[in-house]
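Residue numbers (our numbering), protein chains in the order written: chain V, 1372 to 1600; chain P, 1372 to 1600.
Protein chains: 2
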Amino acid sequence: MSRAEPSRSHGNGSPTDTRLSRATVQRFSLYLRHLQSLLREGAQTVSSTQLGDALGITDAQVRKDLAYLGNLGQPGIGYPARDLIAALRQRLGIDRTWATVIVGIGNLARALLHHRGFEQQGFRFVALFDADPAKIGQKVNHLEISPMDKMAQIVARRGAELGVVAVPAEAAQKVSDALVNAGIRGILNFAPTVLRLPPSVALVSVDLAVQLEQLAFLVHLNREDHGEP
Amino acid sequence: MSRAEPSRSHGNGSPTDTRLSRATVQRFSLYLRHLQSLLREGAQTVSSTQLGDALGITDAQVRKDLAYLGNLGQPGIGYPARDLIAALRQRLGIDRTWATVIVGIGNLARALLHHRGFEQQGFRFVALFDADPAKIGQKVNHLEISPMDKMAQIVARRGAELGVVAVPAEAAQKVSDALVNAGIRGILNFAPTVLRLPPSVALVSVDLAVQLEQLAFLVHLNREDHGEP
DNA sequence: GGATGTGAACGACTTCACAGCG
DNA sequence: CGCTGTGAAGTCGTTCACATCC
C-alpha cells in the first residue's frame, strides 16, 4: 500500500484560520516582493489588475488570494501597499527572523550566502556545516564552516530553526536526520532525492534536474506542435 | 484586464497525443531517476506500489501517470524497468542531447556546471556568458566565459537551444530578450523576477526566495497548530 | 494472488460574473 | 465609474474501487 501525507490539521482555531493552498502561499511571496518594489517607487495604492498584470496572474486570482488577508481592499481604490505588505509578511510568518543553517558548503551554498535578499526578507544564516575535514574552519561570508558532529550543539546554541541541505544525494537522508535530531523544524532540500522526515518537520524540495527536464519537455512539445521533430 | 497564458495547442495529432499536466511531467522525472537507480541495482521489473512508496506518491497516481506512456505494465507482474526508462526519456524529450548555455557565471552557475548528472541526463553546457569584463576569458570546467555581445554568434554556432539565466533580477529581462533573439527555445530562470517571453519560448522559473518563504510559512503553521506562537 | 488500467467520485484550484461600495 | 469581495461555475488533478488479466 502507498501512503501519502493527508496534510494533518486539527486546528484549535487561530485568529485567521483559513487554510491556504500551496499555490496561494507561493503567490503571496510574489505579491510581497513586487509590492516592496512598488512601495520603493512611491506607490501608495495598488489594484488587483495592476498586481496581476505585473506577475502574470488574473485579477480575480489576485483578489481571491488577498481576500485571505482580511478586507484590506477599498472598492474603487485598491489596496494600500504598506498594509498589504505588513499583512503578507505576518501571514507568511516572516515578520520575524529565521535563523538558518546550511549543510554542504559547495557552490550552491555560496550562491545562497552571497545573495543579499534572503537576509532582507527575514532569513539569517547562522551556521555552516560540511563533512569535508579540509573545509572545517574556512570562512564564507564571515561564517566559519563547522564539522557535522557539532551540529546539535551549534544549532541549539544559535537557535536555528531552518536547515538547507546542499549535499550529494547519497548523503542527504543522513544529513536530514541529523538536522531533525538537532531540533531543526524545516528543511529546504536541494539534493536530488526524496527525503523521509517526521511530519512535525516541514519540507520543501527544489530539484534542479526535474526543472531542467521540465524545460526540455516543454521545448520538445513546442517542436512537435509546430511540425519539426 | 489581466492576461494569463491559456496554453495554446491546436495539435495536429502526434503519435502519443495526450496533454500531460505539469505535475505529471515532474513526476516523470522522478520516476526516471529512481528507475535508473533500481536498474543499476539489477531490478528487472517494478510495480506501481514499489515506485510510489519510494517517491511518496500513491500507487494509483503512479499507474495513472505511467498509463500515458502506453500499456507497458503487465498485470500481476509490474512494469519492465528498461522499457519504462526508454519510454520516459522519449516522452520527456531527453532521448537526445540538449545544448545549453548559462548566462551569469556566479556561484549558482558553477554549482550547475560542477554537478555531474545533468550531462548524464542529456544536457550539455556548451557556452557561458557574463557581463563582467573581468570574467571574460576565464575558464570554468573547460568552458571559457564569453562576453554578452558574442551571444547570438556563439549560440548559433554551437546549436544551443536552452539557456539558464543566473543573473541579478535587474538584468534578467534584458538577458532573456538577448537569449530569445539569439534563437534559444527555452529558458530556466533563477532570477527573482517574472519574465516576459514570446509564447514560442518555453519558460521554467526557480525562485529560491519563494521556496524559502514557503518553508518558513509551513513551519510557522506547524507552530500555530501546536499552541506555541 | 498480485498487479495493471480506468471510469467515477472527489477534492483543489481558477475563472466568471456580478452585487455592492467608495 | 472603478475596483473589491465572493458565490457559482468551470477546470484540473488525485484518489477510489473494481473489472481485468497474468
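Glycine residues also receive a C-beta, built at the ideal position from the N, C-alpha and C atoms.
Just so we're clear, the structure is a prediction, and the values are computed from it rather than from any experiment.
Which residues in the same chain as residue i place their Cβ atom closer than 7 Å to its Cβ, once the five residues preceding and following it in sequence are excluded?
{"i": "residue 1593 of chain V", "result": "none"}
{"i": "residue 1476 of chain P", "result": "1499, 1501, 1506, 1511, 1516"}
{"i": "residue 1385 of chain P", "result": "Summary for residue 1385 of chain P: the model assigns pLDDT 40, below 50, so the residue's position carries little reliability; its value from the coordinates is reported in the next sentence. Excluding residues within five positions, none has a Cβ falling inside 7 Å."}
{"i": "residue 1531 of chain V", "result": "1470, 1471, 1472, 1497, 1498, 1555"}
{"i": "residue 1416 of chain V", "result": "1448, 1449, 1450, 1451, 1452"}
{"i": "residue 1525 of chain P", "result": "1498, 1517"}
{"i": "residue 1508 of chain P", "result": "1515, 1516"}
{"i": "residue 1551 of chain V", "result": "1568, 1569, 1572"}
Taking the DSSP output, what are the residues bridged to residue i?
{"i": "residue 1450 of chain V", "result": "V:1417"}
{"i": "residue 1471 of chain P", "result": "P:1496, P:1533"}
{"i": "residue 1445 of chain P", "result": "P:1449"}
{"i": "residue 1573 of chain P", "result": "P:1557"}
{"i": "residue 1504 of chain V", "result": "Answer is none; residue 1504 of chain V lacks a bridge partner."}
{"i": "residue 1518 of chain V", "result": "V:1501"}
{"i": "residue 1511 of chain V", "result": "V:1514"}
In whole angstroms, what is the alpha-carbon distance linking residue i and residue j?
{"i": "residue 1538 of chain P", "j": "residue 1564 of chain P", "result": "11 Å"}
{"i": "residue 1392 of chain V", "j": "residue 1443 of chain P", "result": "35 Å"}
{"i": "residue 1568 of chain V", "j": "residue 1533 of chain V", "result": "14 Å"}
{"i": "residue 1432 of chain V", "j": "residue 1412 of chain P", "result": "47 Å"}
{"i": "residue 1492 of chain V", "j": "residue 1438 of chain V", "result": "23 Å"}
{"i": "residue 1481 of chain P", "j": "residue 1584 of chain V", "result": "19 Å"}
{"i": "residue 1510 of chain V", "j": "residue 1500 of chain V", "result": "11 Å"}
{"i": "residue 1520 of chain P", "j": "residue 1548 of chain V", "result": "47 Å"}
{"i": "residue 1449 of chain P", "j": "residue 1421 of chain P", "result": "9 Å"}
{"i": "residue 1518 of chain V", "j": "residue 1503 of chain V", "result": "8 Å"}
{"i": "residue 1454 of chain P", "j": "residue 1558 of chain P", "result": "30 Å"}
{"i": "residue 1597 of chain V", "j": "residue 1488 of chain P", "result": "30 Å"}
{"i": "residue 1401 of chain V", "j": "residue 1426 of chain V", "result": "7 Å"}
{"i": "residue 1390 of chain P", "j": "residue 1397 of chain V", "result": "25 Å"}
{"i": "residue 1582 of chain P", "j": "residue 1394 of chain V", "result": "11 Å"}
{"i": "residue 1446 of chain V", "j": "residue 1410 of chain V", "result": "20 Å"}
{"i": "residue 1490 of chain V", "j": "residue 1574 of chain V", "result": "20 Å"}
{"i": "residue 1545 of chain V", "j": "residue 1578 of chain P", "result": "26 Å"}
Suppose contacts are defined by Cβ-Cβ distances below 9 Å. Is residue i in contact with residue j by that definition?
{"i": "residue 1522 of chain P", "j": "residue 1474 of chain P", "result": "yes"}
{"i": "residue 1580 of chain P", "j": "residue 1404 of chain V", "result": "yes"}
{"i": "residue 1494 of chain V", "j": "residue 1436 of chain V", "result": "no"}
{"i": "residue 1497 of chain V", "j": "residue 1469 of chain P", "result": "no"}
{"i": "residue 1562 of chain P", "j": "residue 1587 of chain P", "result": "no"}
{"i": "residue 1406 of chain P", "j": "residue 1459 of chain P", "result": "yes"}
{"i": "residue 1452 of chain P", "j": "residue 1414 of chain P", "result": "yes"}
{"i": "residue 1479 of chain V", "j": "residue 1479 of chain P", "result": "yes"}
Below 6 Å CB to CB, which residues in the same chain sit around residue i once its five sequence neighbours on both sides are set aside?
{"i": "residue 1560 of chain P", "result": "1536, 1566, 1576"}
{"i": "residue 1512 of chain P", "result": "1484"}
{"i": "residue 1423 of chain V", "result": "1429, 1430, 1433"}
{"i": "residue 1419 of chain P", "result": "1430, 1433, 1434"}
{"i": "residue 1466 of chain P", "result": "1460"}
{"i": "residue 1553 of chain V", "result": "1522, 1523, 1526"}
Could you check if residue i is buried or exposed, using at least 16 other CB atoms within 10 Å of its CB as the buried criterion?
{"i": "residue 1408 of chain P", "result": "exposed"}
{"i": "residue 1471 of chain P", "result": "buried"}
{"i": "residue 1543 of chain V", "result": "buried"}
{"i": "residue 1595 of chain P", "result": "buried"}
Under 8 Å Cβ to Cβ from residue i, same chain only, skipping five residues before and after it: list those, please.
{"i": "residue 1486 of chain V", "result": "none"}
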